[in-house]
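The structure appears right after this line, and notes come after that.
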Amino acid sequence: MSTISRIAATAMAAAVGMTALAACGSPGGGSADAKTVTLVSHDSFNVSKSVLAAFEKESGYKVTMLKGGDAGKAVNQAVLSKGNPQGDVFFGIDNTLLSRGLDEGLFSPYRAKGLESVPAGLQLDKGEHRVTPLDYGDICVNYDRGYFTRHKIAPPKTFDDLLKPRYKGLLVTENSATSSPGLAFQLGTIAKYGEQGWQSYWKKLKANGVEVVDGWDQAYNDRFSGSAAGKGKGDKPLVVSYASSPPAEVLGKKPAPKEAPTGVAAGTCFRQIEFGGLLKGAKNEKGGKALLDFLLSKKFQEDVPLQMFVNPARKDAAVPELFTKYGTTIDKPATLAPGTITKNREQWIKQWSSLVLK
Amino acid sequence: MVLARSEVTPSDVKGARRGRPARGTAVRLGLMAVPLAFFALFFAYPVVAIVGRGLKDGGQWQLGRFGAVLSDPDVVQVLWFTVWQAAASTGLTLLIALPGAYVFARFDFPGKQLLRAVVAVPFVLPTVVVGSAFLALVGRGGLLDDLWGLRLDTSVWAILLAHVFFNYAVVVRTVGGLWGQLDPRQEEAARVLGAGRFAAWRRVTLPALGPAVAAAALMVFLFTFTSFGVVQILGGPAFSTLEVEIYRQTADFLDLPTAAVLTMIQFAAVLGVLALHAWTVRRRESALRLVDASQTARRPRGRGQWALLWGTFAVIAVLLLAPLVVLVERSFAGPDGYGTVFYAALGSAASADSTFAVAPLDALWNSLAYGAAATAIALVVGGLAAAALTLPRLRRGPSGRTPVISRFVGGFDALLMLPLGVSAVTVGFGFLITLDAPPLDLRASWWLVPLAQALVGVPFVVRTMLPVLRAVDSRLREAAAVLGASPWQVWRAVDLPMVRRALLIAAGFAFAVSLGEFGATVFLARPDQPTLPVAVARLLGRAGELNYGQAMALSTILMVVCAAALLILERLRPLDRSGEF
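Protein sequence lines, in the order shown, are assigned to chains R and C.
Note that the working numbering has the first sequence beginning at 30, numbered continuously upward.
Note that the working numbering has the second sequence beginning at 678, numbered continuously upward.
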């Protein structure tokens, strides 16, 4: 046996051994055994450890979490693995993607306990209960209070205000094609000005110097003058972000300020509602149902604001002081029917790109 | 010590070992079995499946989709920009880094090892971190903006400079590594014979260096051609590369047909670049007279050389160190002046009651565990592949045609590099639809992350091991065998000592690349086990000064770990031709 073949034999034995080890060491995927239940969601999903532990103790299920990138990517992953899902329950399909998920038949119907406490306006699949509304949040233009006080101008309130000359060159938003807040803002303008009028609105907004960056973190952390992260070095006092961003700016500040350093233009908001559902083909359907009940339980719902910076779907869930004191309640957010969004989404984004980016 | 590559002389092969080609083939195929199986299962199968899903409709191939996609002016624009920015980035990188390669090769100065490690840090840092650091330097309110009102963000210059930042080390290591080992006496001899300084350089050094420069340029071209994070973060929405477009079409629109066509175009382009690269590498392996690099470097003499040295220091300081320093500065710039507030916050996250909070030590530990597993896999797969590629090249048959097996091996060489040129989202979605049934339902498995990271690590292992393995003189083995050593003793006494350091270096590179890997990891990492880059990205995705500061602090920790790994490598740097990257 030549040296080389000897080396080969040894190395191959090692490789085979490693592969075998790997196979032994890997914890089983999915929730084949009835004691675990798997939740599939996007990276923004969070829950307090203690709240989750309480569910695990009460129900006897162990929860495994899988996260698949941002909301859109997570939904697309679920679409791709349709019929043989990665887990039992999906959390985080929102109204801008809902129709895609429903048309693809991702979910099995189940009416979660406590649905009666959810306002009718959030229940977009009322008749069939394939998905359950779990939280909502608004995407609005945020403003830097300091800037507008210093310059003695009133901050904008509505979409129309953003076209005024005094706000020229002050707004930064995100690319609709790559960022969900960016898309939501565009959808807000479509809801407001209609399928005919939104393009002319954006032409005017462009003429008024709107700037577009690719993602939320650049818009908010680097460009927005009101974000503490940017240390006031950003030069745009208006940014498309969340209605819950002002409370987040206060988080960790000692002593707590009287008001948040940033505010929300209440007339520029688009509402995103997030849903959860039992995945069709779930291996642990019983556990999945228990998990959905838990996601709509008061305990989890009251945990939602500080973990994910959105509002609970249940109207009887208490909201923390940080939100009530520094947040803004949006009474009349813009909305669009999920079916309309799915049908036009791609075309709208293409039109928007050639209108605004070129 | 002269380490010229040993050439197997005809008399070694002829006669003495008849029938060896057949056994050589068997051995080669045996060595290739594991790497081939690995690539087939974890790369080819997923990628073919996802591309096939896009190009097939009801069992019929829809090749007409190529025409439809390619006639879209937006796609043509993307293609043009992709090629243009890659060519421009490559040119600029060569222009800036070649003097650096010379300085590292020929000059001796204090702190050289440290600096060599430092310039390689950007190469393994994740783009989320670098993008943020770069914006802090050239963006609005960045350092240059404060000083001179100079802003480069959302301009193509930011993209090009960031590409130089990332790839500086590729040129310095590939070209500088060889340059340091070229015997300067050859050039001196030419000068003694009457050639002018420039003529001597042009006739002697340049031809020897040419293939290395070409190989480095092609690697930089490959990395910038598939650039994703840099273009997304620094370029703004007006710029898009093929890789970015594949990501958007797949992850955002789930337009698999378009994504599949774009993937195939990228694939073809990358194959072309790799074929060229393989060709230049082969040319580089023509026998050169090489000497120990430590003997060719000396302290700079004369005004010109000192100016070159300081010029290189200045470039490194401005282009490579400044972004890293800005990052560190931001991690200490708390709300009430400088301090360790953000580091303390990271520490207290350990006890925080949220699944979002990641204790930095946990993230570090996850990164190290994934990195170690990925390194082990990459070493086994890459080591076997390198061994297979090292076997003496089969000679042309009587008909003058290259044997099929040799061509196959050539293709195998390129195959190993392909993961560097295929979009992470394609591989990730491919994993999802293929590795989803027992016994290979890996979708929720811990092993998914190391497997994906190993795909990226293998090319580095192969590139590091190959030149060293090829340099082992087979006559040494034979001599040992003649003296009565058993094959095992031969391997331990001859091969292992020569390969050990290269193996360590390969391991270190694979490890550092795994630490910084983000594209595939973010897809696959389980939320209870985020790696450092994933934790950084999560923090950057949330409002508030505290989150941002913690992201900077975690990035700094990641940077220090990467730098430490590379510095240890630097210490282990053997006296051979390793480090082609």
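Where a beta carbon is used, it is the ideal one built from N, C-alpha and C, also for glycine.
Chain order gives the chain C residues near residue 206 of chain R as 925 and 929, where near means a beta carbon separation below 7 angstroms.
Interface flag for residue 301 of chain R against chain C is unset, since no Cβ pair is found closer than 8 angstroms. In the DSSP annotation of this structure, the continuous segment of the beta strand (DSSP E) that includes residue 167 of chain R starts and ends at 161-173. The beta carbon of residue 731 of chain C sits closer than 7 angstroms to the beta carbons of 933, 934, 936 and 937 from its chain, once the five residues preceding and following it are set aside; these are given in chain order. By DSSP's assignment, residue 1194 of chain C forms no beta bridge with any residue. Contact check for residue 165 of chain R against residue 339 of chain R passes: the beta carbons are separated by less than 8 angstroms.
In this structure, DSSP gives residue 360 of chain R a state outside helix and strand, which the three-state scheme calls coil.
When the five nearest sequence neighbours on each side are left out, the beta carbons in the same chain lying within less than 6 angstroms of the beta carbon of residue 378 of chain R are those of 205 and 206, in order along the chain. Rounded to whole angstroms, the gap between the alpha carbons of residue 63 of chain R and residue 87 of chain R is 15 angstroms.
With a 10 Å radius around the Cβ and a threshold of 16 neighbouring Cβ atoms, residue 383 of chain R comes out exposed. As DSSP reads the structure, residue 308 of chain R sits in a beta bridge with R:136. Taking a cut-off of 8 angstroms for Cβ pairs, the stretch 1000-1018 of chain C and the stretch 808-823 of chain C touch, as three or more such pairs fall below it. Residue 1066 of chain C places its beta carbon less than 8 angstroms from that of residue 1143 of chain C. For residue 1222 of chain C, the nearest CB of chain R lies under 8 angstroms from its own CB, placing it at the interface with that chain. In this structure, residue 305 of chain R places its C-beta atom within 8 angstroms of the C-beta atom of residue 321 of chain R. In the three-state DSSP reduction, residue 199 of chain R falls in the coil class, being neither helix nor strand.
Taking all protein chains in view, the Cβ of residue 1115 of chain C is surrounded by fewer than 16 other Cβ atoms within 10 Å, so the residue is classified as exposed.
Contact between the stretch 209-229 of chain R and the stretch 273-287 of chain R is absent: fewer than three C-beta pairs spanning the two stretches fall below 8 angstroms.
Counting the other Cβ atoms within 10 Å of the Cβ of residue 180 of chain R gives fewer than 16, which makes it exposed.
Using a Cβ distance threshold of 8 angstroms, residue 804 of chain C and residue 923 of chain C do not count as a contacting pair. According to DSSP, residue 1010 of chain C shares a beta bridge with C:1015.
Residue 258 of chain R is not a Cβ neighbour of residue 202 of chain R, given a cutoff of 8 angstroms. If you draw a straight line from the Cα of residue 975 of chain C to the Cα of residue 1223 of chain C, it comes to about 49 angstroms. With a cutoff of 8 angstroms on beta-carbon distance, residue 794 of chain C and residue 853 of chain C are scored as not near each other.
By the CB criterion at 8 angstroms, residue 324 of chain R and residue 120 of chain R fall inside the cutoff. In summary, the residues of the stretch 907-920 of chain C whose CB is separated from some CB of chain R by less than 7 angstroms are 909, 910, 913, 914 and 915, in the order they occur in the chain. Residue 379 of chain R sits in a helix when the DSSP states are folded into three classes. Residue-level contact check: residue 1218 of chain C touches chain R, since one or more beta carbons of chain R fall below 8 angstroms from its beta carbon. With respect to chain C, the C-beta atom of residue 333 of chain R has no partner C-beta closer than 8 angstroms. What residue 1225 of chain C touches in chain R, judged by beta-carbon distance under 7 angstroms, is 250 and 258, going in chain order.
In this structure, residue 216 of chain R lies away from residue 297 of chain R, with their beta-carbon atoms at least 8 angstroms apart. Using a Cβ distance threshold of 8 angstroms, residue 1192 of chain C and residue 1216 of chain C do not count as a contacting pair. Beta-bridge partners of residue 331 of chain R (DSSP): none assigned. Distances from the alpha-carbon of residue 1241 of chain C to those of C:1178, C:1188 and C:877 put C:1188 closest. DSSP links residue 93 of chain R through a beta bridge to R:67. Counting the other CB atoms within 10 Å of its CB gives residue 1123 of chain C a total of 16 or more, which places it among the buried residues.
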